[in-house]
Amino acid sequence: SAVISQKPSRDICQRGTSLTIQCQVDSQVTMMFWYRQQPGQSLTLIATANQGSEATYESGFVIDKFPISRPNLTFSTLTVSNMSPEDSSIYLCSVETDMNTEAFFGQGTRLTVV
Amino acid sequence: AQKVTQAQTEISVVEKEDVTLDCVYETRDTTYYLFWYKQPPSGELVFLIRRNSFDEQNEISGRYSWNFQKSTSSFNFTITASQVVDSAVYFCALRVYNQGGKLIFGQGTELSVKP
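See below:
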């Protein structure tokens, strides 16, 4: 199993600013992911955070808007840049230790952009 | 392309009723995994079950049971004798083995159990 600490748990931000969300795992994991959950919606994958290289983004998400870092096997950050009210969502960090286990999720970051 | 469909957006039942949440998936891959997660109002995702594509055996865990049928591409979830604490949004998800581990989620079913 894996225990994930995600910070901040919630934030209210002004439009046009940026917020960096941190994800810390208690053990080394090969796969880390960032998901977005818009209000009342399902979870959508933003990107796969790759250790030591650029993240792999899903269709509709770009690096300039959602830069991701992953300096090692236990830590990653997601930045939501130049925020607008449409970015108000829950952002979740997820990790998988291998394909034969479930994905573990952080508590999520509830972002409100005003 | 892969897809997960949870046709039931909202379900409301009275406590002690049985309820089944439907999940239909689409994939052309032969190796994949199916999951159910629960998201209570607090927002965290709680893992409930994982099934791989080679294991069609149904499973029961307490009041929860899952019916996996590859012939109909369905992975339905039944709660027996529902309780108020079961009220949450339930997500079905698909992971395809050669897609790098990402999960494809259904739209979720919001279950409301009334006393």
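Chains as they are written, first to last, in the working numbering: chain A, 1 to 114; chain B, 1001 to 1115. Positions of the beta carbon are idealized from the N, C-alpha and C atoms, including for glycine.
Identify which residue in the options has its Cα closest to the Cα of residue i.
i: A:Leu-19; options: A:Ala-2, A:Thr-30, A:Lys-7, A:Asp-26; result: A:Lys-7
i: A:Met-32; options: A:Gly-40, A:Gln-38, A:Pro-39, A:Ile-46; result: A:Ile-46
i: A:Val-80; options: A:Arg-15, A:Asn-50, A:Val-25, A:Ser-94; result: A:Arg-15
i: B:Lys-1102; options: A:Arg-10, A:Arg-110, A:Phe-61, A:Tyr-35; result: A:Tyr-35
i: A:Leu-111; options: A:Thr-30, A:Ile-4, A:Gln-37; result: A:Gln-37
i: B:Pro-1041; options: B:Ser-1053, B:Tyr-1090, B:Ser-1012, B:Leu-1021; result: B:Tyr-1090
i: A:Ser-9; options: A:Ile-63, A:Ser-89, A:Phe-61, A:Gln-51; result: A:Ser-89
i: A:Ala-49; options: A:Leu-43, A:Gly-60, A:Phe-66, A:Ser-42; result: A:Phe-66
i: A:Gln-51; options: A:Asn-82, A:Glu-86, A:Arg-70; result: A:Arg-70
i: A:Ser-59; options: A:Thr-44, A:Ile-68, A:Asn-72, A:Ser-53; result: A:Thr-44
i: B:Val-1072; options: B:Ile-1060, B:Ser-1053, B:Gln-1083; result: In the sequence on display, residue 1072 of chain B carries Thr and not Val. B:Thr-1072 has its Cα closest to that of B:Ser-1053, out of B:Ile-1060, B:Ser-1053, B:Gln-1083.
Please list the partners that residue i has in chain B, where partner means a Cβ-to-Cβ separation under 7 Å.
i: A:Ile-90; result: Gly-1043
i: A:Phe-33; result: Lys-1102
i: A:Thr-17; result: What A:Thr-17 touches in chain B: nothing, since even the nearest Cβ is about 23 Å away.
Do residue i and residue j have their CB atoms nearer than 8 Å?
i: A:Thr-77; j: A:Ile-21; result: yes
i: B:Ile-1104; j: B:Leu-1094; result: yes
i: B:Arg-973; j: B:Ala-1081; result: Shown here, chain B extends from 1001 to 1115; a query on residue 973 of chain B therefore has no answer.
i: B:Cys-1092; j: B:Phe-1068; result: no
i: A:Val-25; j: A:Val-113; result: no
i: B:Asn-1098; j: B:Asp-1055; result: no
i: B:Glu-1015; j: B:Val-1113; result: yes
i: A:Phe-105; j: A:Ser-1; result: no
i: B:Phe-1047; j: B:Tyr-1033; result: no
i: B:Gly-1043; j: A:Gly-40; result: no
i: A:Cys-93; j: A:Ile-4; result: yes
i: A:Thr-181; j: A:Val-29; result: The shown model of chain A, from 1 to 114, leaves out residue 181 of chain A, and the question about it has no answer.
i: B:Thr-1020; j: B:Phe-1077; result: yes
i: B:Asp-1086; j: B:Leu-1045; result: no
Starting from residue i, follow its DSSP beta bridges and name the residues at the other end.
i: B:Cys-1023; result: Paired residue(s): none; B:Cys-1023 is not in a bridge.
i: A:Met-31; result: A:Glu-96
i: B:Glu-1059; result: B:Trp-1066
i: A:Leu-45; result: A:Tyr-35
i: A:Asp-26; result: Looking at the DSSP assignment, A:Asp-26 forms no beta bridge with any residue, so it has no partner.
i: A:Asn-72; result: A:Phe-75
Could you tell me how far apart the beta carbons of residue i and residue j are, in whole angstroms, since I believe they sit closer than 8 Å?
i: B:Glu-1026; j: B:Gln-1002; result: 6 Å
i: B:Cys-1023; j: B:Gly-1108; result: Contact doesn't hold; Cβ gap of about 10 Å is too wide.
i: B:Trp-1066; j: B:Arg-1051; result: 7 Å
Which chain B residues are close to residue i, counting only those with a beta carbon under 9 Å from its beta carbon?
i: A:Leu-45; result: Lys-1102, Leu-1103, Ile-1104, Phe-1105
i: A:Met-83; result: Near A:Met-83 there are no residues of chain B at all, since even the closest Cβ is about 20 Å away, more than 9 Å.
Closer than 7 Å by beta-carbon distance: list the chain A residues that pair up with residue i, in chain order.
i: B:Phe-1047; result: Glu-102
i: B:Arg-1050; result: Glu-102
Residues of chain B with CB closer than 8 Å to the CB of residue i, please, in chain order.
i: A:Arg-110; result: Gly-1043
i: A:Gln-107; result: Gly-1043, Glu-1044
i: A:Thr-97; result: Near A:Thr-97 there are no residues of chain B at all, since even the closest Cβ is about 10 Å away, more than 8 Å.
i: A:Thr-74; result: Simply none; closest approach about 17 Å.
Run through chain A and tell me which residues come within less than 8 Å of residue i, C-beta to C-beta.
i: B:Phe-1035; result: Glu-102, Ala-103
i: B:Phe-1091; result: Ser-42, Leu-43
Can you list the residues of chain A that residue i reaches, using a CB-CB cut of under 9 Å?
i: B:Gly-1062; result: Going along chain A, no residue has its Cβ under 9 Å from B:Gly-1062, so there is no contact; the nearest lies around 18 Å.
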